[in-house]
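These notes concern the structure reproduced below.
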């Protein structure tokens, strides 16, 4: 079995900005913690996320606009920071390391081009072949001769 090489992460790169929904969720979590007197820690996180998602869906467009504008501003800032980062030596060094890793891993790191249908067909053929071999019937043997 071939061990999969972990994808490199550029620790010096600027962090991607939060989406409008994530900004809203972050704000609501803080508010819910205060509203419910820290009972939020006792609830399941899935319940909290579900409640926040439902609130977001029911929010009016003008209320969402505030978060969308903030997310857009953060995204623009990220683009500027990313372009500036691409001009640094750290970025060039990371790209060199990334190419080295890709060369080492070769084809193993690339996703298989085999479609789901092809994989299923191979599996079916394998099972059929095993059934013919382990069947014990004479028909399988005579067909092979």
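In this note's numbering, the protein residues as written are 1184 to 1328. Each residue gets a CB set at the ideal place from its N, CA and C atoms; glycine is no exception.
Inter-segment contact for the stretch 1210–1218 and the stretch 1268–1277 is absent: fewer than three beta-carbon pairs are separated by less than 8 Å. For residue 1263, the enclosing alpha helix (DSSP H) begins and ends at 1244–1268. Looking at the backbone, the Cα of residue 1246 and that of residue 1309 are separated by about 57 Å.
As the crow flies, the alpha-carbon of residue 1274 is around 28 Å from that of residue 1205.
Measuring C-alpha to C-alpha distances from residue 1252 to each of 1202, 1298 and 1311 identifies 1202 as the nearest. For residue 1201, no alpha helix (DSSP H) encloses it, and the DSSP letter there is neither H nor E. A distance of 8 Å or more separates the beta carbons of residue 1257 and residue 1197.
Contact between residue 1191 and residue 1282 does not hold, since the beta-carbon distance rounds to 10 Å and is not under 8 Å. With a threshold of 16 other beta carbon atoms within 10 Å, residue 1304 falls short and is exposed. In this structure residue 1277 touches residue 1193 by the C-beta definition: roughly 5 Å separates them, less than 8 Å.
Shown here for residue 1208: same chain residues with a beta carbon closer than 6 Å to its own, the five before and five after excluded, namely 1235 in chain order.
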